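**Student:** Residue numbers (my numbering), protein chains in the order written: chain A, 95 to 442; chain B, 95 to 442. This is the structure I have questions about; it appears just below.
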C-alpha cells in the first residue's frame, strides 16, 4: 500500500514522467485506484470540459460544418488513457468533474465524507482519471460529458459540496468558472468607482464577473458580446449599464466600441474563449488600469509583447482559478441575481 | 505616398493579414521604406534576439551539441523575409534593435531626430524589418546580431536614445530587459519589507530586478541560480541577502531551497528563459503573495491551472515590457550598482 512518506500534497507521487514535475505539467499520471493516505477517490458522474478545450476539439473534428462525434469521443478517450488525465494537448486545459466521494484516505484534510456529492475545483489537467464506460452516454455535442469512472484528489486539491437547492448541472456550471467573479471582485474592491469592462459578458464567467463587479463597487459596468442576439439576452439580464456588440478579435473595433460606451475600462476582464483577444483588451483598458485574463485561449507572449508594443501601462493578471471562498461566492451571486441565473439556465 | 488618414498609431496600416489584427499578432507586415506621417525609419546596426527565442533556435539547429550557424542564419532570414518582422514562430517573441534614425515623419510624436542613436523598446515581433546584408556579419553564436537594414517605428512605438557614457552593447543589453526592474520596483514599493525571490537572479533581467527590489524597500532579497558557478558570480555582485542554487524546473526542489533561504517570497519574480518553471514559482510564493512572470517561455495555462491545482492564492502578473520611465530607471540601476554592471559586462 502507498505510504504517507512517499506522498506529497501536490500529488507529485503520481507523476510518471522521468523529470520531476507537478501533475499539471506532467505527461502522464499514475491512475491506480489505491489511495495514498491523504487522497480522496471520487466516483465520477460527469466531466465538464473546459470551453477552450472543447472548442478546439470541436474544430478539429468538424468536417464541412458537421461534427464527427465518434472521432471526438475517441480523442478524449485516447487522451485520458494515454495521460491518465484529461488535458487537451493543444490548449493545455482540462475542465472539472462532478461525482460522489467513494473513499477518503485517513490523512485527508479536505473535509469530505463518503457519499458527499462534490464538484472538483482543480483542473482535470492534473486530476488522475479513469473512464470505464467508453463515454457511451456522451453525444459529443456539448462540453458536459456523462461518464462512468473514478478520479483522485490530492492532499492540496480543492473540492466543493454541491448545494442541495440547485440542480447539479447548474452547480457544476457555476463552479466551473467561480474563480472569475471572486478575482474580479477583489480587484474592483480596491478601486473607487472604477469603470469595468467585461469582454464576453454574456457567458458564464462573464455574467458572474459583471454581477461581482457591480457588487464590489464598480461605478460603471460595460458588457461586450459578439452579436445582437447575445446583446438582447444580456440587456434583459440587467447586469450592466451598457451592452456593446463587438468582435473581440478586432482590436480597433473593440477599442472604439468600448470608448463609445463610456470606456476604456479601469478594469477589463477577458472571458471569451477564442484566441487573439489580447490586443483589443489592452486597447480597451485605461492607462494605469488592470486587465484580467480568464480565457484559457490567452497567449502569454501576445499579452506581454502586445502591451509593450502599444506602450500600454496596464497591469495584466493571469486569471488564477483559485481564490479562497470562490465557490460559495459564485453560488451566492447566482442565488441573488435572477439575471445571472437566467443566463446560466438558458445555457444548460 | 501613404496618407495620415490611412494610418493608425498602433501600426495597423502595415498589417497585411486578411483579418484585422495588431502588428504583434499579424502573420505578415508591410515593410515598405516610405513612411506614414507619424512613423520613424531607423537604419539598423544590431538586432538583439529575445533570449527564449534564441535558445529555441539554438536547440533546433544543434546536432550532437554543435550549432549549425548557416541553418540558424537561414531561419532568421527566412522568418524576416516571410513575415516582415523577426518573430519566432515557436516562442512568439522577438527582441529589440539598435540603430540610427534616418527619417522622421512630419507627424511623429516620438521626439527623435535624424542621426539619433536609439534602441527600440518595442518588440521586434511587431517591428517592420528588412535585412539587407544576409546577416553576413553574424556568427550565430550569440543573440546579438550585427545587421545592415532598416526598421520602422509607429506613432505609439517606444524608443530610447542610447546614453553617451555607456558602450552601445551595454545599453542594448540593459534596455532589452528594462521592463523587469521597473515593474518589480512598483510591486515591491506597495508592500512593507517584503521578502523578494528572483528566480534567475544571475541573469540580466534578474540582477536588475534584485537591485530594484532592494532599492524599492524589500526586507529580504533571495536570488535563485541554476548552478554553483553562477552562485559565486551573484554572491560577489552583492545584490542579495541569500543566493540559492536550485533547478527552477523542479518544483519541489525550488520550493524547499527557497524556504531554507528564508522564503517563500511575498513577491517572486521569474526571470529564467526555460519552459516549465510555473509550478515551482507558485510553490516558492507565499499565500497572498505576488508572482511576476518575465520569461517569454511562460505558459499562460500552466500558470493559471497550476495555481488553481495547488489551491495557491497568489496574484500572477504578466510581465509587461513597458512601464513609464523604465529605460532610464534600468540605466540608473546599472550606473549605481557595480554588481549589476559587472554581471552585465561579464555577459557581453
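Ideal placement from N, C-alpha and C gives every residue a C-beta, glycine not left out. Keep in mind it's a predicted model, so treat the numbers as computed, not measured.
1. Tell me which residues share the same chain as residue 211 of chain A and place their Cβ nearer than 6 Å to its Cβ, disregarding the 5 neighbours each side in the sequence.
2. What residues in its chain sit with their C-beta under 8 Å from that of residue 275 of chain A, if we drop five residues either side in the sequence?
3. So what's residue 387 of chain B in DSSP terms, helix, strand or just coil?
4. Nearest-angstrom Cα distance between residue 438 of chain B and residue 160 of chain B?
5. Do you know how far the Cα of residue 162 of chain A is from the Cα of residue 354 of chain A?
6. At a CB-CB cut-off below 7 Å, which residues of chain A make contact with residue 219 of chain B?
7. Compare the C-beta of residue 396 of chain B against all C-beta atoms of chain A and say whether one is closer than 8 Å.
8. How would you write the range of the beta strand (DSSP E) that residue 143 of chain B sits in, first residue to last?
9. Return the CA-CA distance between residue 506 of chain B and residue 297 of chain B, expressed in angstroms with no decimal places.
10. Does the beta carbon of residue 286 of chain A sit closer than 8 Å to a beta carbon anywhere in chain B?
11. Under three-state DSSP, which class holds residue 357 of chain B?
12. Check whether the Cβ of residue 143 of chain A lies closer than 7 Å to any heavy atom of the ligand GDP, and answer yes or no.
13. Residue 317 of chain B and residue 337 of chain B: beta carbons closer than 8 Å?
14. Tell me the DSSP secondary structure of residue 251 of chain A in three-state form.
15. Would you kindly work out how many angstroms separate the C-alpha atoms of residue 285 of chain A and residue 209 of chain B, rounded to a whole number?
16. On a Cα-Cα basis, can you pick out the residue from B/227, B/277, B/271 that is closest to residue 175 of chain B?
17. Name the chain A residues that come within less than 7 Å of residue 406 of chain B, Cβ to Cβ?
18. Quick one: Cα of residue 122 of chain B to Cα of residue 149 of chain B, how far?
19. In chain A, which residues lie with their C-beta within 7 Å of the C-beta of residue 133 of chain B?
20. Would you be able to state if there are at least three C-beta pairs under 8 Å between the region 385-402 of chain A and the region 170-189 of chain A?
21. In chain order, what are the residue ranges of uninterrupted alpha helix (DSSP H) at least 4 long that sit wholly in the region 259-339 of chain A?
22. Alpha carbon to alpha carbon, how far is residue 444 of chain A from residue 366 of chain A?
23. So, at 7 Å on beta carbons, what are the nonlocal neighbours of residue 261 of chain A in its own chain, with the 5 sequence-adjacent residues on each side left out?
24. Is the CB of residue 402 of chain B under 8 Å away from at least one CB in chain A?
25. Would residue 432 of chain B be called buried (16 or more neighbouring beta carbons within 10 Å of its own) or exposed?
26. Please specify which runs of the alpha helix (DSSP H), each continuous and at least 4 residues long, are wholly inside the region 150-203 of chain B, giving them in chain order.
27. Counting only Cβ pairs nearer than 7 Å, list the residues of chain A close to residue 270 of chain B.
28. If you draw a straight line from the C-alpha of residue 287 of chain A to the C-alpha of residue 410 of chain A, how long is it?
29. Show which residues of chain B have a CB atom less than 7 Å away from the CB atom of residue 411 of chain A.
30. Go ahead and pull the three-state DSSP assignment for residue 434 of chain B.
31. Is the shortest distance between the beta-carbon of residue 329 of chain A and the beta-carbons of chain B less than 8 Å?
32. Helix or strand or just coil, what does DSSP make of residue 418 of chain B?
33. Report the residues of the region 105-133 of chain A with a CB closer than 9 Å to any CB of chain B, ordered along the chain.
34. Whole angstroms is fine: what's the gap from residue 242 of chain A's alpha carbon to residue 191 of chain B's?
35. Keeping to the same chain, check which residues put their C-beta closer than 6 Å to that of residue 310 of chain B; ignore five residues upstream and five downstream.
36. Nearest by alpha-carbon distance to residue 370 of chain B: which of B/345, B/362, B/413 is it?
**Tutor:** For this structure:
1. In the first chain, the residue the question calls residue 211 of chain A occupies position 117. Within the same chain, and ignoring the five residues on either side of residue 211 of chain A in sequence, the residues whose Cβ sits closer than 6 Å to its Cβ are 194, 256.
2. As a first step, residue 275 of chain A must be located in the first chain, where it is residue number 181. Closer than 8 Å at the Cβ level, and outside the excluded window around residue 275 of chain A, lie 299, 302, 303, 305, 306, 420, 423, 424, 427.
3. Looking up residue 387 of chain B in the second chain gives position 293. DSSP places residue 387 of chain B in the strand class (E or B) of the three-state scheme.
4. The sequence position of residue 438 of chain B within the second chain is 344, counting from 1. The sequence position of residue 160 of chain B within the second chain is 66, counting from 1. CA-CA distance, residue 438 of chain B to residue 160 of chain B, rounds to 26 Å.
5. Numbered from its first residue, the first chain carries residue 354 of chain A at position 260. Numbered from its first residue, the first chain carries residue 162 of chain A at position 68. Between residue 354 of chain A and residue 162 of chain A, the C-alpha separation is close to 42 Å.
6. In the second chain, residue 219 of chain B corresponds to position 125, counting from 1. Neighbours of residue 219 of chain B on chain A, chain order: 399.
7. Taking the second chain and counting its residues from 1, one reaches residue 396 of chain B at position 302. At least one CB of chain A lies nearer than 8 Å to the CB of residue 396 of chain B.
8. Locating residue 143 of chain B in the second chain gives position 49, counting from the first residue. Looking at the DSSP string, the run of the beta strand (DSSP E) that includes residue 143 of chain B is 134-143.
9. Here chain B has residues from 95 to 442 only, and residue 506 of chain B is not among them.
10. Walking along the first chain from the start, residue 286 of chain A turns up at place 192. So, not an interface residue.
11. Residue numbering aside, residue 357 of chain B sits at position 263 when the second chain is read from its first letter. Coil at residue 357 of chain B, not helix or strand.
12. Of the ligands one can find in the structure shown there are none, so the ligand GDP has no counterpart to examine.
13. Start at 1 with the first residue of the second chain, and residue 317 of chain B comes out as number 223. Start at 1 with the first residue of the second chain, and residue 337 of chain B comes out as number 243. Between residue 317 of chain B and residue 337 of chain B, the CB-CB gap stays under 8 Å.
14. Here residue 251 of chain A refers to the residue found at position 157 when the first chain is read from its first residue. Residue state, collapsed to three classes: coil.
15. By 1-based counting over the first chain, the position of residue 285 of chain A is 191. By 1-based counting over the second chain, the position of residue 209 of chain B is 115. Taking the straight line joining both Cα atoms gives about 45 Å.
16. Numbered from 1 along the second chain, position 81 holds the residue referred to as residue 175 of chain B. For residue 175 of chain B, the closest of B/227, B/277, B/271 by C-alpha to C-alpha distance is B/227.
17. Along the second chain, read from residue 1 onward, the residue named residue 406 of chain B stands at position 312. Residues of chain A with a Cβ closer than 7 Å to the Cβ of residue 406 of chain B are, in chain order, 416.
18. Along the second chain, read from residue 1 onward, the residue named residue 122 of chain B stands at position 28. Along the second chain, read from residue 1 onward, the residue named residue 149 of chain B stands at position 55. Approximately 23 Å between the Cα atoms of the pair.
19. Translated into positions along the second chain, residue 133 of chain B becomes position 39. Within chain A, no residue comes near residue 133 of chain B; the closest Cβ sits about 14 Å away, beyond 7 Å.
20. The answer is yes - the region 385-402 of chain A touches the region 170-189 of chain A, with three or more Cβ pairs under 8 Å.
21. 262-270, 273-283, 298-309, 322-331, all fully within the region 259-339 of chain A.
22. What the structure shows of chain A is the stretch from 95 to 442, and residue 444 of chain A is not part of that stretch, so it cannot be assessed.
23. Within the first chain, numbered from 1, the residue matching residue 261 of chain A stands at position 167. Excluding residues within five positions, none has a Cβ falling inside 7 Å.
24. Here residue 402 of chain B refers to the residue found at position 308 when the second chain is read from its first residue. When Cβ-Cβ separations below 8 Å define contact, residue 402 of chain B makes contact with chain A.
25. One-based indexing of the second chain puts residue 432 of chain B at position 338. Label assigned to residue 432 of chain B: exposed.
26. Taking only runs of at least 4 residues, the alpha helix (DSSP H) segments lying wholly in the region 150-203 of chain B are 163-177.
27. Taking the first residue of the second chain as position 1, residue 270 of chain B is located at position 176. None at all; the shortest Cβ gap to chain A is about 11 Å.
28. As a first step, residue 287 of chain A is located in the first chain; it is residue number 193 there, counting from the start. As a first step, residue 410 of chain A is located in the first chain; it is residue number 316 there, counting from the start. Taking the straight line joining both Cα atoms gives about 20 Å.
29. Residue mapping note: residue 411 of chain A aligns to position 317 of the first chain, counting from 1. In chain order: 409, 410, 411.
30. Within the second chain, residue 434 of chain B is the residue found at index 340, counting from 1. Secondary structure at residue 434 of chain B: helix, using DSSP grouped into helix, strand and coil.
31. By 1-based counting over the first chain, the position of residue 329 of chain A is 235. It does not; no Cβ of chain B falls within 8 Å.
32. Position 324 of the second chain, counted from the start, is the residue given in the question as residue 418 of chain B. Assignment of residue 418 of chain B by DSSP, reduced to helix, strand and coil, places it in the coil class.
33. Of all residues in the region 105-133 of chain A, the ones placed with a Cβ closer than 9 Å to any Cβ belonging to chain B are 105, 106, 113, 114, 115, 116, 117, 118, 119, in chain order.
34. The residue given as residue 242 of chain A occupies position 148 in the first chain. The residue given as residue 191 of chain B occupies position 97 in the second chain. Spanning the two alpha carbons is a distance of roughly 56 Å.
35. As a position in the second chain, residue 310 of chain B is number 216, starting the count at 1. 279, 282, 283.
36. Here residue 370 of chain B refers to the residue found at position 276 of the second chain. Nearest in C-alpha terms to residue 370 of chain B, of all of B/345, B/362, B/413, is B/345.
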